[in-house]
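Input: a single structure, listed below in structure tokens.
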Amino acid sequence: MAPPSQGAKLKARSLVLVTLIVAPAIPIALLGAILFLTGVTKPGVLDAFVREVLGHDPATWGGTYLVYAGALAILALILLTFGAVISGMTVWYEMRLSSRMQSRVGYNRVGWGGAFQWIADAVKLLLKEDLIPAEADQLLFRAAPYFVLAGFTLTFVALPFGESLIAADVNVGIFYLTAVTALVVVGIIIAGWASNSKWALFGGIRSAAQVISYEIPAGIAVMVPIMMAGTLSMQGIIRQQGAWPWEWFFFRNPAAAAAFVIFFISQLAEGNRTPFDLPEAESELVAGYLSEYSGFRFAIYFLVEFGNLWVMSAISATLFFGGWQVPFVGPQDYVDAWGAGGFPALGWWGLQALSMLVFVVKTLIVMQVVIWVRWTLPRIRVDQMMNLCWKYMVPAAFTMFVFTALWQILVDRVPALETATGFGLFGAFLVTLVVFSRQTLKNISLVRGDRIDLTNW
Amino acid sequence: MAQPVRDYTGAIKDTFTSFWHGLSITASYLLRRPVTVQYPDRTPLPLPDMLPPRYRGFLEVDLSICTGCQVCERTCPINCIQITLEKDPTNPKLRAITQFDIDEAKCMFCGLCVEPCPTGAIQHSREFEGSMKDIRNLTIRWADPLKPTPVFKVDKSAEYYPRAPLGSLVRAKFDAKAWDAKGPQYLPPAPPAPKPAPAPAAKPAAPAAAAPTESK
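For the protein sequence lines, the chains are A and B, in the order given. Under the working numbering, the first residue of the first sequence carries the number 75, and numbering increases by one thereafter. Under the working numbering, the first residue of the second sequence carries the number 89, and numbering increases by one thereafter.
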């Protein structure tokens with residue numbers, strides 16, 4: 075092999091440079107757009123825009139509604155794009171991480187480190203033939219992806235990104251999220267039925283059984299943070315928590331920690347993630363309900379499957395890990411930073427960006443664990459899946475529910491108890507982390523010649 | 089049948105311990121170096137050093153020590169070597185090699201030609217990178233028909249016949265051509281549409297091709 079020429083070296087360097095600039099720029103630009111649009115699409119700001127920029131009275135001018143509708147349409151588009159892009163980048167991240175866990179290198183062709191592989195994959199899927207089986211139910215087969223996509227996209231309405239950064243702070247936020255995510259399973263059953271293939275039907279029915287079963291423990295586990303916060307609103311739940319770990323619901327109540335485990339496992343099952351990917355068990359069912367889909371329709375299922383990772387991680391971060399709370403920044407600071415005018419001051423945007431950063435980092439950490447679990451555990455059997463749900467998770471969730479009800483009465487009398495539990499559980503968590511890292515290092519040292527080596531990317 | 093309490097709690101314990109061990113094992117592999125060699129972008133060692141010691145790559149001939157005995161041609165089980173010798177016009181006592189073609193595309197790397205070579209002129213190199221768009225470019229012509237190479241006179245007392253560094257000759261042959269270069273036309277072209285005229289022309293070609301088989 076000839077040594078690389080000067081031109082080839084220059085080309086490789088510029089590829090690294092372009093990748094390092096463009097790959098983070100795509101999600102950051104979208105997050106920036108969400109930051110701006112969610113901050114702006116508030117009645118007060120839009121009214122101020124109509125009054126001060128357009129020069130009309132927002133209360134009487136008919137065009138106000140057009141301004142509202144236009145702003146919301148752009149916001150919806152940006153949120154949907156964010157969902158699509160984040161699911162694509164999750165695929166890339168998951169593939170890199172999983173290959174590392176399996177002593178491989180993974181994507182390394184499109185862009186530096188294969189960082190643009192997800193774009194190439196998406197373009198390839200769009201160019202594929204859109205095939206509908208002759209015996210399939212044409213209408214339902216075409217309709218199913220819309221249900222799935224709607225169930226995914228609608229979650230972004232009530233998904234927070236920062237202190238004021240939420241499309242709509244619905245006062246039944248978490249209830250709404252639980253309801254719309256259930257729409258995905260409707261699409262999956264329709265897909266399974268309409269494909270008119272036994273594999274697809276098995277996959278769809280398995281998925282239905284699984285998702286409906288696991289919604290019970292998930293719903294009851296969600297009741298724990300709801301009871302602690304006293305509200306269903308996503309922002310309200312976050313406002314009841316603090317910025318420091320011992321002020322998070324996860325650490326403030328032993329039952330909440332257990333409820334998180336239940337919620338996490340149930341979300342894995344609802345998202346059809348390994349170890350609960352029975353509906354797509356390729357050894358038995360080809361690809362389950364996806365078997366007959368191709369091209370763009372297949373791409374939508376794929377997008378939703380990986381985009382759900384972000385949704386479930388964001389919900390977990392909201393309910394249990396303090397959401398966007400920034401240390402040393404209280405609710406009054408946001409109000410003060412707004413300033414006097416109808417439009418927020420620059421400092422307010424800075425605080426919002428900070429809260430968004432905190433939220434995104436927490437979400438990505440939870441997402442990391444989801445991916446990590448997928449590449450660790452084997453798929454479980456159907457009977458084990460049902461056993462786990464009905465014999466273990468449902469009773470455990472009810473126990474946590476009752477415990478929290480009593481706990482809240484107790485905390486009401488002795489508020490110091492919650493603080494003590496927060497510090498105690500957080501300390502226990504840190505100890506667990508240390509023991510876990512020691513176990514990990516021991517695993518490496520047990521193999522002769524192996525050591526920590528982060529090269530060969 | 090009722091499930092004993094110990095089974096129930098044991099299952100919960102098993103779940104947590106398997107999570108614990110499984111996650112720590114995958115995390116430990118996350119911190120180790122992947123075994124993948126990122127050929128051809130990055131190789132930890134120069135490529136020839138990464139091949140097994142007895143690796144058989146492309147056949148390479150150093151004509152300067154070739155005795156023209158044709159034993160390699162006769163040994164080759166699939167006739168991928170083609171040698172032609174003529175009388176050297178400058179020195180009628182010596183013969184000269186006018187053709188020494190090896191079809192590297194046909195070669196099955198058995199190494200049978202290397203064994204009997206008296207001087208070690210034909211050997212397997214450690215080169216394997218030789219993609220060509222046209223398969224005819226893989227037929228390597230070691231001798232120049234216009235400048236025949238006189239055969240090498242074996243010095244019986246010599247224990248060693250110096251040859252060019254192994255691999256350098258075949259590498260130069262491959263590097264001389266772009267991978268998508270148009271192939272030469274000296275191989276029989278694809279059969280044209282049947283015409284009455286070429287039938288007699290094809291006749292003399294057939295015995296010539298059969299000749300090496302008879303000489304065995």
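Cβ coordinates follow ideal geometry from the N, Cα and C atoms, glycine included.
Whole-angstrom distance between residue 233/B and residue 289/B, CA atom to CA atom:
Low local confidence applies: a pLDDT of 48 at residue 289/B is under 50, so the model's placement there is unreliable, with the coordinate-based value given in what follows. Each residue's alpha carbon lies about 23 Å from the other.
On the criterion of 16 or more Cβ atoms from any shown chain inside 10 Å, does residue 109/A qualify as buried, or is it exposed?
Burial state of residue 109/A is buried, judged by a 10 Å Cβ sphere holding 16 or more other Cβ atoms.
Chain-ordered neighbours of residue 527/A on chain B, where CB pairs are closer than 7 Å
Under the 7 Å cutoff, chain B gives 120 and 121.
Would you list, in chain order, the members of the stretch 492-525 of chain A that have their beta-carbon closer than 7 Å to a beta-carbon of chain B?
For the stretch 492-525 of chain A, the set of positions with a beta-carbon nearer than 7 Å to some beta-carbon of chain B reads 510, 513, 514, 517, 518 and 524 in chain order.
So residue 265/B is in the alpha helix (DSSP H); what residue range does that whole segment cover?
First-last for residue 265/B: undefined, no H or E at that position.
Buried versus exposed, by CB contacts within 10 Å (16 or more), residue 167/B
With fewer than 16 Cβ atoms within 10 Å of its Cβ, residue 167/B is classed as exposed.
Could you tell me how far apart the beta carbons of residue 118/B and residue 212/B are, in whole angstroms, since I believe they sit closer than 8 Å?
No, residue 118/B and residue 212/B are not in contact; Cβ-Cβ is about 41 Å, not under 8 Å.
Residues, ordered as in the chain, of the stretch 168-183 of chain A that lie near chain B by beta-carbon distance below 8 Å
Within the stretch 168-183 of chain A, contact with chain B at the beta-carbon level (separation under 8 Å) is assigned to 171, 173, 174, 175, 176, 177, 178, 179 and 182.
Per-residue contacts from residue 446/A into chain B (C-beta, under 9 Å):
Result: 111, 114, 115 and 118.
Please determine, among 385/A, 434/A and 369/A, the residue with the shortest C-alpha to C-alpha distance to residue 400/A.
Measuring from the Cα of residue 400/A, the nearest candidate turns out to be 434/A.
Option nearest residue 291/A by Cα separation, candidates 247/A, 251/A, 260/A and 343/A:
343/A is the residue among 247/A, 251/A, 260/A and 343/A whose C-alpha sits nearest the C-alpha of residue 291/A.
Based on DSSP bridge pairs, tell me the residues matched to residue 228/B.
Answer is 190/B.
What separation, rounded to the nearest whole angstrom, lies between the Cα atoms of residue 297/A and residue 201/A?
Residue 297/A and residue 201/A have their C-alpha atoms spaced approximately 45 Å apart.
Simplified DSSP assignment, three categories, for residue 175/B
In the structure shown, residue 175/B sits in a strand (DSSP, three-state: E or B).
Beta carbons nearer than 9 Å to chain B: which residues of the stretch 417-449 of chain A have them?
Result list: 443, 446, 447 and 449.
Show which residues of chain B have a CB atom less than 8 Å away from the CB atom of residue 451/A.
Taking a Cβ-Cβ cut-off of 8 Å, the neighbours of residue 451/A in chain B comprise 106, 107 and 110, given in sequence order.
Residue 38/A and residue 390/A: beta carbons closer than 8 Å?
Lying before the first or after the last residue shown, residue 38/A is absent from chain A, which here runs from 75 to 531.
Can you have a look at residue 179/B and say buried or exposed, based on whether 16 or more other CB atoms are within 10 angstroms of its CB?
Exposed, because fewer than 16 other Cβ atoms sit within 10 Å of the Cβ of residue 179/B.
Just the C-alpha distance for residue 493/A and residue 516/A, rounded to the nearest angstrom, thanks.
Spanning the two alpha carbons is a distance of roughly 35 Å.
Apart from the five residues on each side of it in sequence, which residues of its chain come closer than 6 Å, Cβ to Cβ, to residue 454/A?
Once the five neighbours on either side are set aside, the close Cβ partners of residue 454/A are 349.
What does residue 158/B touch in chain A if you count any residue whose Cβ is under 8 Å from its own?
Using a Cβ-Cβ cut-off of 8 Å, residue 158/B is close to nothing in chain A; its nearest Cβ partner there is about 34 Å away.
Proximal residues of chain B, C-beta to C-beta of residue 288/A below 9 Å
Per Cβ cutoff of 9 Å: no residues; residue 288/A is ~16 Å from chain B at best.
Return the bridge partner residues of residue 237/B from the DSSP annotation.
Answer is 185/B.
In whole angstroms, give me the CA-to-CA distance for residue 439/A and residue 115/B.
About 14 Å.
Can you name the start and end residues of the beta strand (DSSP E) that residue 80/A belongs to?
That residue, residue 80/A, is in no beta strand (DSSP E); its alpha helix (DSSP H) goes 80-114.
Under 8 Å, Cβ to Cβ, is there at least one residue of chain B near residue 530/A?
For residue 530/A, the answer is yes, since a Cβ of chain B falls inside 8 Å of its Cβ.
Sequence-distant residues of its chain with Cβ nearer than 6 Å to residue 186/A (five each side left out):
Sequence-distant Cβ neighbours of residue 186/A in its own chain, meaning closer than 6 Å and more than five residues away, are 89, 90 and 93.
Run the CB neighbour count on residue 226/B, radius 10 Å, all protein chains shown included, and call it buried at 16 or more, exposed below.
Taking every protein chain shown into account, the CB of residue 226/B has 16 or more other CB atoms within 10 angstroms, so this residue is buried.
Give the interface partners of residue 126/B over in chain A, defined as CB-CB distance under 8 Å, in chain order.
What residue 126/B touches in chain A: 179, 182 and 530.
Distance, Cα to Cα, residue 416/A vs residue 409/A?
Taking the straight line from one Cα to the other gives about 12 Å.
Measuring only between beta-carbons, confirm whether residue 466/A sits less than 8 Å from chain B.
So yes, residue 466/A belongs to the interface.
Nearest-angstrom Cα distance between residue 204/B and residue 145/B?
The alpha-carbon atoms of residue 204/B and residue 145/B are separated by roughly 18 Å.
Would residue 152/A be called buried (16 or more neighbouring beta carbons within 10 Å of its own) or exposed?
Classification for residue 152/A: buried.
Indicate the three-state DSSP secondary structure (helix, strand or coil) for residue 596/A in the structure shown.
Residue 596/A lies beyond the residue range present for chain A, which begins at 75 and ends at 531; the question has no answer from this structure.
Distance, Cα to Cα, residue 145/A vs residue 360/A?
Here the alpha carbons of residue 360/A and residue 145/A stand approximately 43 Å from one another.
My assumption, with CB atoms under 8 Å, is that residue 568/A sits in contact with residue 311/A. Please give the rounded CB distance.
With chain A covering 75 to 531 only, the question about residue 568/A has no answer from this structure.
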